[in-house]
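**Q** In this note's numbering, the protein residues as written are 22 to 353. Glycine is no exception: its CB is placed at the ideal position from the N, C-alpha and C atoms.
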Ligand code: HEC
Ligand code: HEC
């Protein structure tokens, strides 16, 4: 009988993201639905743009430089390296499952993925370009012009089309089928005893108050350092920089814990090198709780069950520049 329930749940996951809700365990974390690309041609175009370093002034930095899809969608650096080897101010969050978050960036200053995608291109500390120059480069490349025409019905490229296509690609970067998701849809054998004990601790000690929903985070802004203050050399203020309200100081978007095994180092300043450290700090600062080494080990074991299927695809081949394409300026 139980086998039947499981195979039914799996079949439903494959067909519809709505109907499987009923067969899922009633938990504060929900499974991730597989990506459904509404417009495959747009997604392909967005993928090319995500990998194209010609959207940067140097011709060297692409979205994938800092959100490396071979490494969990991050650069695994404390803070990123931008144009002319500039040291970035903040840790790069993963782009995996970012479509599931209430807003983008640590302080939520972009409402959605399309709004976000314009930021790094024109950020002097990241890709160091301007939207106008990025459009000029793409507009000079016949291969891109043809592709924009197919997707948008017009050969005129603009920044809104560029960011719309990148966002469509990013929406496909979800990571379903993690061991924890298999457990959520009814497979009791998907978790070991320690992993399950870790989840019970995670839930009962209150981590789920902030890390919940399908992304195990990304649903709210919360203060870093509730019970004990967080000491950081970083100047990041969090949400207060957007709202101007003093009570929002050090409020950050709760990061997703999906694939957290791959997205080290941790926190907005990248100061926690290991998951063990991050869990210990969260317990103490957010909940006033001192976990034993065994408890930390169990919570970490649970967190590693949140690693899902990573996006896999052929490396996109980018259309070549032509004689008229404005050249990159890496050292100006
Ligand atoms: C030089 C490194 C760098 C490059 C290049 C870069 N990013 Fe980022 N990205 C970051 C950093 C750092 C943040 C966090 C900034 C903040 O929150 O203030 C970020 C944040 C994001 C987020 C928000 C994720 C979240 O959970 O809030 C998304 C989505 C994203 N970048 C996508 C892109 C796209 C698309 C491109 C290419 C157009 C790109 N990035 C280029 C470093 C980079
Ligand atoms: C009151 C809300 C809240 C609670 C409770 C909470 N967290 Fe967090 N968590 C956050 C916020 C906010 C951040 C980001 C903090 C920062 O970067 O400065 C975070 C970051 C993390 C990170 C680092 C993720 C990354 O990619 O950088 C991990 C791991 C984590 N939390 C695990 C836990 C665990 C385990 C518990 C329970 C012991 C817990 N959290 C309890 C709000 C919370």
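Along the chain, where does the beta strand (DSSP E) that runs through residue 366 open and close?
**A** Look at the range of the chain in this structure, 22 to 353, and you will see that residue 366 is not part of it.
**Q** Could you pull out every unbroken alpha helix (DSSP H) segment of at least 4 residues lying fully inside the region 184 to 254, listed in chain order?
**A** Listed in chain order, the complete alpha helix (DSSP H) runs (minimum 4 residues) inside the region 184 to 254 are 200 to 205, 214 to 225.
**Q** Counting Cβ pairs closer than 8 Å, one from the region 152 to 168 and one from the region 330 to 342, do we hit at least three?
**A** Judged by Cβ distances under 8 Å, the region 152 to 168 makes contact with the region 330 to 342, as three or more pairs qualify.
**Q** Specify the secondary structure class of residue 137 as computed by DSSP and reduced to three states.
**A** In this structure, residue 137 counts as helix in the three-state DSSP scheme.
**Q** If you measure between the beta carbons of residue 149 and residue 184, is that distance less than 8 Å?
**A** No. Outside cutoff.
**Q** Across which residues does DSSP place residue 131 in a beta bridge pair?
**A** Answer is 125.
**Q** Please classify residue 95: does DSSP put it in a helix, a strand, or coil?
**A** Reduced to three states, the DSSP call for residue 95 is strand.
**Q** Which partner residues of residue 155 appear in the DSSP bridge assignment?
**A** Paired residues: none, contrary to the question.
**Q** Out of 136, 69, 219, which has the shortest C-alpha to C-alpha gap to residue 312?
**A** Of the listed residues, the one whose Cα sits closest to residue 312 is 219.
**Q** If you follow the alpha helix (DSSP H) that residue 334 is part of, which residue opens it and which one closes it?
**A** First-last for residue 334: undefined, no H or E at that position.
**Q** For residue 324, which residues in the same chain have their Cβ closer than 7 Å to its Cβ, ignoring the five residues on either side in sequence?
**A** Within the same chain, residue 324 has close Cβ partners 278, 281, 282, 296.
**Q** What does a CB cutoff of less than 8 Å around residue 156 pick up in its chain, not counting 5 residues either side in sequence?
**A** Same-chain partners within the cutoff: 178, 179, 180, 183.
**Q** Could you pull the start and end residues of the alpha helix (DSSP H) that residue 109 belongs to?
**A** Unbroken run through residue 109: none, as it is neither H nor E.
**Q** Mapping the DSSP letters down to three states, classify residue 89 as helix, strand or coil.
**A** If DSSP states are grouped into helix, strand and coil, residue 89 belongs with the strands.
**Q** State the CB to CB distance for the pair residue 134 and residue 188, rounded to an integer number of angstroms; the pair is presumed to be in contact (CB under 8 Å).
**A** That belief holds up - the Cβ atoms of residue 134 and residue 188 are roughly 4 Å apart, short of 8 Å.
**Q** Thinking C-alpha only, which one of 233, 308, 276, 195 is nearest residue 250?
**A** When only C-alpha atoms are compared, the closest one is 308.
**Q** What's the gap between the Cα of residue 294 and the Cα of residue 106?
**A** Rounded to the nearest angstrom, the two C-alpha atoms are 22 Å apart.
**Q** Could you say if the region 249 to 266 and the region 73 to 89 meet the contact criterion of at least three C-beta pairs nearer than 8 Å?
**A** These segments do not touch.
**Q** Kindly list the residues whose CB is nearer than 7 Å to the CB of residue 87, restricted to its own chain and excluding five residues on each side of it in sequence; keep chain order.
**A** Cβ neighbours of residue 87 beyond the five flanking positions: 96, 101, 113.
**Q** Is residue 76 close to ligand 1? I mean its beta-carbon at under 7 Å from any heavy atom of the ligand.
**A** Indeed, a heavy atom of ligand 1 lies less than 7 Å from the Cβ.
**Q** If we call anything under 8 Å between Cβ atoms a contact, is residue 239 one with residue 275?
**A** Against a cut-off of 8 Å, the Cβ pair of residue 275 and residue 239 comes out as a contact.
**Q** What does the Cβ neighbour count give for residue 410, buried or exposed, with the cut at 16 atoms within 10 Å?
**A** Beyond the ends of the chain as shown, which are 22 and 353, falls residue 410; an answer cannot be given.
**Q** Should residue 147 be counted as a contact of ligand 1 given a C-beta to heavy atom distance under 7 Å?
**A** Yes, ligand 1 has a heavy atom inside 7 Å of this Cβ.
**Q** Is residue 165 helix, strand or coil by DSSP?
**A** Residue 165: helix per DSSP, three-state reduction.
**Q** Taking the alpha helix (DSSP H) that residue 282 belongs to, which residues open and close that run?
**A** Where residue 282 is concerned, there is no enclosing alpha helix (DSSP H), given that its DSSP letter is neither H nor E.
**Q** Can you tell me whether residue 22 is helix, strand or coil according to DSSP?
**A** Interpretation of residue 22 is limited by its pLDDT of 37, a score under 50 that renders its predicted location unreliable; the figure taken from the coordinates is listed afterwards. Residue 22 falls in the coil class under three-state DSSP.
**Q** From residue 92 to residue 196, what does the alpha carbon distance come to, in whole angstroms?
**A** So the two alpha carbons sit approximately 13 Å from each other.
**Q** Just to confirm, are residue 267 and residue 259 a CB contact at a threshold of 8 Å?
**A** Not a contact, by the Cβ cut-off of 8 Å.
**Q** Who are the near neighbours of residue 203 in its chain, counting only those whose CB is closer than 8 Å to its CB and skipping five residues on each side?
**A** Same-chain partners within the cutoff: 211.
**Q** Could you say which of 77, 226, 273, 61 lies nearest to residue 171 if we only look at CA atoms?
**A** Answer by Cα proximity: 61.
**Q** How big is the Cα-Cα spacing for residue 215 and residue 315?
**A** Going from the Cα of residue 215 to the Cα of residue 315 covers about 10 Å.
**Q** According to the neighbour-count rule (16 or more other Cβ atoms, all chains shown, within 10 Å of its Cβ), is residue 265 buried or exposed?
**A** Label assigned to residue 265: exposed.
**Q** Under DSSP, the alpha helix (DSSP H) around residue 57 begins and ends at which residues?
**A** First-last for residue 57: undefined, no H or E at that position.
**Q** On a CA-only basis, which of 350, 329, 338 is nearest residue 55? Give me that one, please.
**A** Minimum Cα distance to residue 55 is reached at 329.
**Q** Which first and last residues belong to the alpha helix (DSSP H) in which residue 303 is found?
**A** Counting along the chain, the alpha helix (DSSP H) containing residue 303 begins and ends at 296 to 308.
**Q** Kindly indicate the opening and closing residues of the alpha helix (DSSP H) around residue 147.
**A** Neither: residue 147 is in no alpha helix (DSSP H) and is coded neither H nor E.
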